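Each protein sequence line maps, in turn, to chains G and H.
Here the first sequence stands for residues 118 to 236, where the numbers follow our numbering.
Here the second sequence stands for residues 2 to 435, where the numbers follow our numbering.
Quick notes on the structure that follows.
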Amino acid sequence: MKELTFETLIAVFDEMFGASLFWALVAIAGAVTLAYIYVLIRDRHISWSKFLLAQLSMPFGAVGAVLFLQAITHSQFSDIGGPIDVIVLLGVAAVGAVGMAILVYTVDALFFRKSSAAR
Amino acid sequence: MLNRRRFLGLSAACGATLTFKSTIANAKVNSLNTKAKIIIIGAGAAGAALANRLLRRLTGAKITVIDPRKRHLYQPGLSLVAAGLAGPDYVISKTTDWLPSGVTLLDEAVAEVDPLTKTVTTQKGQTLSYDYLVVAPGLVLDHDAIEGFSLDMVGKNGIGALYAGPEYAAKTWEAAQKFTETGGTGIFTRPATEMKCAGAPLKHTFLIDDIARRAGNSSKMNMIYAANNNSLFGVPIVAEKVRMLFGERGIESVYSHVLKSIDAGKKRAVFDTPDGQKEMDYDYLHVIPPQRAPEFVRQSGLSWEERWTDQGWVEVDQYTLRHRRFGSIFAVGDVAGVPKGKTAASVKWQVPVVEDHLVASIAGKEGTQAYNGYTSCPMITRIGQAMLVEFDYKNDLVPSFPGIIAPLEELWISWLMKTVALKPTYNAMLRGQA
Ligand SMILES: Cc1cc2nc3c(=O)[nH]c(=O)nc-3n(C[C@H](O)[C@H](O)[C@H](O)COP(=O)(O)OP(=O)(O)OC[C@H]3O[C@@H](n4cnc5c(N)ncnc54)[C@H](O)[C@@H]3O)c2cc1C
């Protein structure tokens, strides 16, 4: 690869998903992150009951992300060929886990506020 | 404390920043004012990428792209189509999808270039004059050179030819799939000429072998790779690796076997070898024909006279890609007469070099960039794994991610790159953004 700049990456992702879907995904990810920050600031503390639920959802996010990637790329676990592949696998799982946790926490906090009345 | 309204305001501001960023990315960098007439022959990988980049560098230039083909083909996808991993649509888009509005597309075929009067004539008889000419018409697949073969045979009687285009790649899979089920002798050939993506015949061999293996039929398969000379790949260290992998998989190699003719009825192929002609019976035969520069290139006197005489590649300096006899002509992509580099990845490295020298020349200066022969071909070795193979004129490996992605190792990440990242990167390149 000749030059791997931020702009190149944006252009590549743009082509990967199509311009509108890509920017929609960016917007959704941004919105969820902002909503997460918003509930953190609004509630002024991390709600441990919500956090527990979020943590419980993490394995599902991790496994889901890996299986999704394998499905769209005709791959399987036996294709792991070297250390970098293990890192990629763990990275994908980590992104899936964290993404899922943030999503669950935020949805919980925004739409099920009553359930955490302990606040 | 952040209330809902301020929160919304913040997200809107964020959206604005994103739009702003992408505007900057598209802004013109160091645009040069000129009235130069530039003609680009071919709107494939090289022509489209260069048109987009030149438009950004030049204001007022008249850029004309000539190409009769309505469809743009993402050719690296053909290997996946011919293994049933993607449909033919995966490789097809429209030529006009990739050309910016500031360039004129003339949908005719070029018949002749006159480098002395600096004109280009199309098959329909239009003549256009140029100040700078970029020759980027790719190459021609010479299927007729193989006696007894014609494209209508593809897909039937165990014959495949995936280079011929998306529909033929899909038919190739029909024939290959049957072979992976019924077994027998499969012969995988490559031509003795220069060829685009010299890894593709190997990829097809590996993929078909893997698919048969997965179906539990490996014991029924007799896989034979017919190399055109005494090596499996032009870069020695890669050739050795492939030889080892073939050994592991039980894929037999025969050397210096060049497909001469076929008898489709008898399922028999004839090869030219150093010991004379040799007949081999097959159940599946993969044909990749000799490859040459388009006829008009040779007729117009643009080709090397003493090298590649049967193929006619354009006589350019291998570092600047500028014609060695006609200073206002460049060649880029598969048609360029350089010792390496018939891949889309090479195009990505060649295009900025041509851009640099062409724009500098308009400004009355000398360009400074040089093409080092960078060529790359993600070598698929089975479904789910590939090796990143990147090299230059010196046959040195030039890995993009040294220390992170090992070049000659079968890795999942390299497969992910081929199947997920390569097409978007290619598309971004066409738009002049990568
Ligand atoms: C099966 C296969 C697998 C490949 N795999 C890879 C890979 O994994 N990685 C990689 O980097 N590369 C790969 N490639 C190679 C890559 O696709 C080519 O190197 C690349 O497309 C070359 O670009 P180009 O612009 O020179 O030619 P092309 O993209 O072929 O475009 C040439 C254009 O010129 C036009 N043209 C032709 N004649 C005329 C004329 N007389 N007048 C006007 N226009 C004309 C054509 O219509 C065409 O649109 C593969 C190729 C094949 C076939």
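No residue lacks a Cβ here, since even glycine has one placed at the ideal position from N, Cα and C.
Since this is a predicted model, take the numbers as computed values, not measurements.
- In the structure shown, L152/H falls within a helical segment according to DSSP collapsed to helix, strand and coil.
- Residue environment for V203/G: exposed (fewer than 16 other C-beta atoms within 10 angstroms of its C-beta).
- When CB distances to chain G are screened at a threshold of 7 Å, the residues of the region 390–411 of chain H falling below it are S401, I405, I406, A407, E410, E411, in chain order.
- Listed in chain order, the non-local C-beta contacts of A210/G below 7 Å within the same chain comprise A179, A182, V183, local neighbours out to five positions each way being set aside.
- Each residue's CA atom was taken as its position, placing V255/H and A110/H some 40 Å apart.
- Going by DSSP, I225/H is part of the beta strand (DSSP E) stretching over 222–227.
- With 16 or more neighbouring CB atoms inside 10 Å of its own CB, W174/H falls in the buried class.
- Proximity to E168/H across Q127/H, V135/H, Y91/H peaks at Y91/H, based on C-alpha coordinates.
- The beta carbon of G135/G does not come within 7 Å of any beta carbon belonging to chain H, so the residue lies off that interface.
- Pairing E148/H with S262/H gives a Cβ-Cβ distance under 7 Å.
- Between the region 64–78 of chain H and the region 92–103 of chain H, the count of Cβ pairs shorter than 8 Å is three or higher; the stretches touch.
- Every beta strand (DSSP E) of 3 residues or more that sits fully in the region 78–120 of chain H is shown, in chain order, as 93–95, 105–107, 111–115.
- Relative to ligand 1, Y283/H has its C-beta separated by 6 Å or more from all heavy atoms.
- Contact annotation: the region 162–172 of chain G does not touch the region 370–388 of chain H, with fewer than three C-beta pairs closer than 8 Å.
- For L129/H, the enclosing beta strand (DSSP E) starts and ends at 128–130.
- With a cutoff of 6 Å, Y256/H does not count as near ligand 1, since its C-beta is closer than that to no heavy atom of the ligand.
- With a threshold of 6 Å, the Cβ atom of A435/H does not count as near ligand 1, since no heavy atom of the ligand is closer than that.
- Taking all protein chains in view, the Cβ of P176/G is surrounded by fewer than 16 other Cβ atoms within 10 Å, so the residue is classified as exposed.
- In terms of side-chain proximity, the C-beta atom of P200/G is found no nearer than 6 Å to any non-hydrogen atom of ligand 1.
- Here L286/H is buried, its C-beta having at least 16 other C-beta atoms within 10 Å.
- By the C-beta density criterion, N230/H is exposed, having fewer than 16 other C-beta atoms within 10 angstroms.
- Leaving aside the five residues that flank H258/H on each side, the residues in its chain whose CB is nearer than 6 Å to its CB run, in chain order, A227, F272, T274.
- Not a single C-beta of chain G is nearer than 7 Å to the C-beta of L359/H.
- In chain order, V390 place their CB closer than 6 Å to the CB of V239/H, counting only its own chain and leaving out the 5 sequence neighbours on each side.
- Just measuring C-alpha positions, the residue of K119/H, R269/H, I384/H, L106/H sitting nearest S195/G is I384/H.
- At the C-beta level, G139/H and D335/H come within 7 Å of one another.
- By DSSP's assignment, I204/G forms no beta bridge with any residue.
- For H191/G, the neighbours in chain H by C-beta distance under 8 Å run, in chain order, L86, I384, G385, T420.
- Look at Y256/H here: in three-state DSSP terms it is coil, with no helix or strand label.
- Judged by beta-carbon spacing, I289/H lies within the 7 Å limit of P192/H, meaning their Cβ atoms are closer than that value.
- H191/G and G88/H have their alpha carbons spaced roughly 14 Å apart.
- It is roughly 51 Å from the alpha-carbon of A170/H to the alpha-carbon of F228/G.
- Cβ atoms of E410/H and G199/G come within 8 Å of each other, at about 5 Å.
- The three-state reading of DSSP puts K267/H in coil, since its state is none of H, G, I, E or B.
- For the 7 Å CB-CB criterion, D143/H and R308/H do not form a contact.
- The beta-carbon of G199/G is placed less than 7 Å from the nearest beta-carbon of chain H.
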